[in-house]
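So that you can map any letter, position 198 of the sequence shown is 198 in the UniProt record's numbering, and since no number is skipped, the others follow by simple counting.
Just so it is clear, CB atoms sit at the ideal spot from N, CA and C, and this is done for glycine as well.
Bear in mind that the values here come from a model prediction, so they are computed numbers and not experimental data.
Below: one structure, written as structure tokens.
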Amino acid sequence: MRTLVSPTQLRSGRGKAIYWTVFTAVMLLFLLAFIFPMYWAITGAMKDPTELARTPPTVIPTQWHPEVWGESWERLNLLTYFGNTVLVALGAWLIQLAVDVPAAYALSKLRPVLGNKILALMLATLMVPASALLVPTYVTITDLPIFGVNLINSPTAIWFPAAANAFNIYLLKRFFDQIPGELLEAAVLDGAGQIRILWRIVLPISKPILAVVSILAIVAAWKDFIWPLLVFPDPTKQTLSVALQRMEIDMPLNILLAGLVLASVPMVLLFLFFQRHILAGLTAGSVKG
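Right under this line is the structure:
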């Protein structure tokens, strides 16, 4: 395969020097683009408000204030809002798996009538701006059809709209398409039903894509702002993103910045812990064999 730099050029001293110079420069640019904002937030939180507002800004704090982390935790009441956010994220994750996995399995292996058209209609919803769905979704949860209940200030107001995710269903279906049909046919011959096949055979070999879908579901629920802002008018029920925005007017900037950093830590750790599973799941359904 021919690349921008031929193997012959790479073997020469000048070629190696150019290659490693370009490679190092690109890596440094990526590190600056991703690491520097994190460094700025962490060090900015440990400055006093006067230094944080100084122009031009200081890259390294002149005085470090590590006590700001504990102060931020107490003054922002982060324990309560962490609990609210964890409840919302876990519920959204579980209900998405409960709905999306069977839907993707049915479209992939059961092949219902008009299944491809149903999938196409699901994917078409990804073309609709999320803001266009706010009003009809809000009207629905304030007077839930059939049950006639109001879900405002309830975590279910987040869980139910998140249940059917077209993108996750597509990812799962693509992965399930790669599972050999002979394996499932052998299970049918042994007397296994479709539910047992899904639970005992399909899910255990689908851990990579389940990890990807889980991460996407949890991160989306964790960082969402507009929808939780609408459905949680009660301050005691709000998630981190909404609560921090509400309190920014009355809080010193360094306290608020520390709260933002603390709010992002769980998602960063989650990604670092599951990054191998995420990469494996994203590439598993792309190549047959």
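Endpoints, the alpha helix (DSSP H) within which Asp177 is located: To locate residue 177, count along the sequence shown from 1; it is residue 177. That run of the alpha helix (DSSP H) goes Ala166 to Asp177.
Cα separation between Val287 and Ile146? Here residue 287 refers to the residue found at position 287 when the sequence shown is read from its first residue. Here residue 146 refers to the residue found at position 146 when the sequence shown is read from its first residue. The predicted model places Val287 with a pLDDT of 43, which falls under 50 and marks its position as unreliable, so this point remains unresolved.
Quick one: what's got a C-beta closer than 6 Å to Leu256's C-beta in the same chain, skipping five residues either side? By 1-based counting over the sequence shown, the position of residue 256 is 256. Counting only Cβ-Cβ distances below 6 Å, and skipping sequence neighbours, we find Glu248.
Only counting runs of 4 or more residues, tell me where the alpha helix (DSSP H) segments fall wholly within the region 13-66, in order along the chain. Fully enclosed alpha helix (DSSP H) runs of 4 or longer: 13-45 and 49-52.
Local conformation of Gly115 per DSSP, three classes: Stepping through the sequence shown from its first residue, residue 115 is reached at position 115. The DSSP-derived three-state label of Gly115 is helix.
How big is the Cα-Cα spacing for Gly289 and Asp177? On the sequence shown, position 289 is the one that residue 289 refers to. On the sequence shown, position 177 is the one that residue 177 refers to. Interpretation of Gly289 is limited by its pLDDT of 40, a score under 50 that renders its predicted location unreliable; no figure is taken from the coordinates.
Is Asp100 helix, strand or coil when you go by DSSP? What you label residue 100 is simply residue 100 of the sequence shown in a count that begins at 1. Of the three classes helix, strand and coil, the one that applies to Asp100 here is helix, per DSSP.
Rounded to a whole number of angstroms, what is the C-alpha to C-alpha distance between Leu210 and Leu172? Mapped onto the sequence shown, residue 210 falls at position 210. Mapped onto the sequence shown, residue 172 falls at position 172. Distance between the alpha carbons of Leu210 and Leu172: 8 Å.
Would you kindly check if the distance between the Cβ of Gln96 and the Cβ of Asn165 is under 7 Å? Your numbering for residue 165 matches position 165 in the sequence shown. Your numbering for residue 96 matches position 96 in the sequence shown. Going by C-beta atoms, Asn165 is nearer than 7 Å to Gln96.
Taking Cβ to Cβ, would you say Asp100 is nearer than 7 Å to Ile169? Residue 100 sits at position 100 when you count from the first residue of the sequence shown. Residue 169 sits at position 169 when you count from the first residue of the sequence shown. The answer is yes: Cβ separation under 7 Å.
Would you identify the three-state DSSP class for Asn77, choosing helix, strand or coil? For the purposes of this step, residue 77 is identified with residue 77 of the sequence shown, where counting begins at 1. It is coil, neither helix nor strand.
Are three or more beta carbon pairs between the region 72-82 and the region 191-198 nearer than 8 Å? Put simply, the region 72-82 does not touch the region 191-198. Fewer than three CB pairs are less than 8 Å apart.
Contacts around Ala41, its chain only, beta-carbon distance under 7 Å, and the 5 residues preceding and following it disregarded: For the purposes of this step, residue 41 is taken as the residue at position 41 of the sequence shown. Here the set comprises Leu257, Leu260 and Val261.
Round the Cβ separation of Leu240 and Ala263 to the nearest angstrom and send it over; I've been treating them as touching at under 8 Å. Stepping through the sequence shown from its first residue, residue 240 is reached at position 240. Stepping through the sequence shown from its first residue, residue 263 is reached at position 263. Beta-carbon to beta-carbon, Leu240 and Ala263 are separated by about 4 Å, close enough to satisfy the 8 Å threshold.
Quick one: what's got a C-beta closer than 8 Å to residue 291's C-beta in the same chain, skipping five residues either side? Here the chain comprises residues numbered 1 to 289, so residue 291 is not present and cannot be evaluated.
Please report the distance separating the alpha-carbon of Ile60 from that of Val26. Translated into positions along the sequence shown, residue 60 becomes position 60. Translated into positions along the sequence shown, residue 26 becomes position 26. The straight-line gap from Cα to Cα measures roughly 25 Å.
Looking at Lys109: is its Cβ nearer than 7 Å to the Cβ of Asn254? The sequence position of residue 109 within the sequence shown is 109, counting from 1. The sequence position of residue 254 within the sequence shown is 254, counting from 1. No; because the gap between Cβ atoms is not below 7 Å, this pair is not in contact.
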